[in-house]
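Taking mature numbering (1 follows the signal peptide of the UniProt record, and there is no 0), I'd label the letters of the sequence shown as residues -24 to -1, 1 to 343. All residues carry an ideal CB built from backbone N, CA and C; glycine is no exception. Reviewing the structure listed below.
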Amino acid sequence: MKLRLWWLASLVPGALLLTGSQTAVKVSTIVLKPDPQPFTPQEFFISDVVDERANRAAVAFLLTAPTGAALPTTPQPVDLQGGGQAAIRQFVQQSLKRNAALRPVTMRIKECQVTETPATKGYVEGRVALTLAFDWKRDGKTIHLTDYRGAARYIRPVGQLAVVEPTLRQTLVESLKYLNTWMNNQAQFNEKLARGIRISFTDYTQNTEDDTLFYTPQRPLTWDDFRATPRVGPYAASVFPSFAYTGRTKINNGVIQVNLTLKAFVVRSSSWVKASAKDAYSLNHEQRHFDLVKLVAEHFKQHVQTDSLTIEDYNSIIPYQYLRAFQEMNRVQEQYDNETSHGLNQAVQESWNQRIEAELQGFSVKK
């Protein structure tokens, strides 16, 4: 954001402390006056001001001389009264209303400098450059919010310096206005400013794809879903179940709302059965493979509930828990086949049937 101000000879003494005589003008310091703002921030307060300027010796470099005298070739360094950081901190505290219950924002001064050069005869041109960065801490972590870059320009008569402080002050005021507007516009929708997170889940059950069967109790796996060519070997059938998720995020009233759509599915073109194995008992064994994937998806939901997520890390926690769930899926499928001897051990198969059914009911997948 660029601010350009033009100041001409309308000068009121008192903004700077002057010493010296008619042969020299010495400017001691610039007194930065408070400028109470008419607005009250609703989303933040300035908790600290940090000085990160490369040159902290002075804020202004002024060309000073009595009226009618020749200008010096080297600008005089002039600082704010009390020092740049302290003066700007005091200015902010006295100019902006403060509510410590809001977000604590740190103002970092990257650049704050007034530079003067000779203009037309009898005049000096001044330029103000201001660069600020704004951060806030959430859960102990510093989050960069936004930057402000402002500029102003003035022209003053030689020997009359009172325009310098108002120009610098107005540039600082514009930075506070900018931050207030930015916070008001972003607070409800920008993840950087979020204060909470909530997760919800949707089970995808729309069976409209030719090669994919999505899990739903209303449409159980049937032999018609086994479309691949049977393979030579000791096994009578093989089903290819898996699960995946898609995520959608929005921010509402400062809360990150994450919705995960879970898809437990069977790939028909990768599932096969030999003609001799198409009986109800064998189908039940394959259906239980699908049920186990659904249970793994339910376990995944448990591991990514709201109380296990953080605003900073939810984007890494969710994929990590999905990877763990995928590993669990492979492990439990292998365990199921090993313990039931691929369905040949009917007693163990019945035990698994009961266990799976009970857990499905516990998750309200089945009644």
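- Between the C-alpha atoms of T188 and D200 there is a straight-line separation of about 12 Å.
- Leaving aside the five residues that flank L299 on each side, none in its chain has a CB nearer than 8 Å to its CB.
- Cα atoms of K254 and P210: separation of roughly 15 Å, rounded to the nearest angstrom.
- Partner residues in the beta bridge of D123, as assigned by DSSP, are A109.
- When the five nearest sequence neighbours on each side are left out, the beta carbons in the same chain lying within less than 6 Å of the beta carbon of H120 are those of D111, in order along the chain.
- With a cutoff of 7 Å on beta-carbon distance, E92 and G126 are scored as not near each other.
- By the criterion of a C-beta distance shorter than 7 Å, D267 is surrounded in its chain by I332 and L336, once the five residues flanking it on both sides are discounted.
- A240: member of the beta strand (DSSP E) spanning V231 to V243, first to last residue.
- Listed as beta-bridge partners of L38 by DSSP are Q52.
- Residue nearest to L236 within the set N229, N228, R224 and R244 is R224 (criterion: CA-CA distance).
- Beta-carbon to beta-carbon, E288 and K117 are separated by about 6 Å, close enough to satisfy the 8 Å threshold.
- In this structure, DSSP gives A76 a state outside helix and strand, which the three-state scheme calls coil.
- Separation of V208 and D179 (C-alpha to C-alpha, rounded to the nearest whole angstrom) is 36 Å.
- Counting along the chain, F67 sits inside the alpha helix (DSSP H) bounded by residues G60 to S71.
- Under the DSSP assignment, K226 falls in the beta strand (DSSP E) whose first and last residues are P217 to N228.
- Linking S246 to Q281 through their CA atoms gives a straight-line distance of about 33 Å.
- In the DSSP annotation of this structure, the continuous segment of the beta strand (DSSP E) that includes L189 starts and ends at T188 to F190.
- By the neighbour-count criterion, in which a residue is buried when 16 or more other Cβ atoms sit within 10 angstroms of its Cβ, F202 is buried.
- For A163, the CB contacts under 7 Å within the same chain, skipping 5 residues up- and downstream, are E19, L169 and G230 in chain order.
- Take the alpha-carbon of P17 and the one of T96: they are about 43 Å apart.
- Taking 8 Å as the upper bound for CB-CB distance, F177 and F241 are not in contact here, some 16 Å apart.
- In the assembly as shown, K73 is an exposed residue. Its beta-carbon has fewer than 16 other beta-carbons within 10 Å.
- With 16 or more neighbouring CB atoms inside 10 Å of its own CB, A34 falls in the buried class.
- Around G98, the same chain offers P133 and V134 as residues with beta carbons nearer than 7 Å, after the five sequence neighbours per side are excluded.
- Restricting attention to V215, I294, T222 and Q61, the CA atom closest to the CA of V25 is found in Q61.
- Inclusion of E274 and F219 in the CB contact set at 7 Å is not warranted, their separation being larger than that value.
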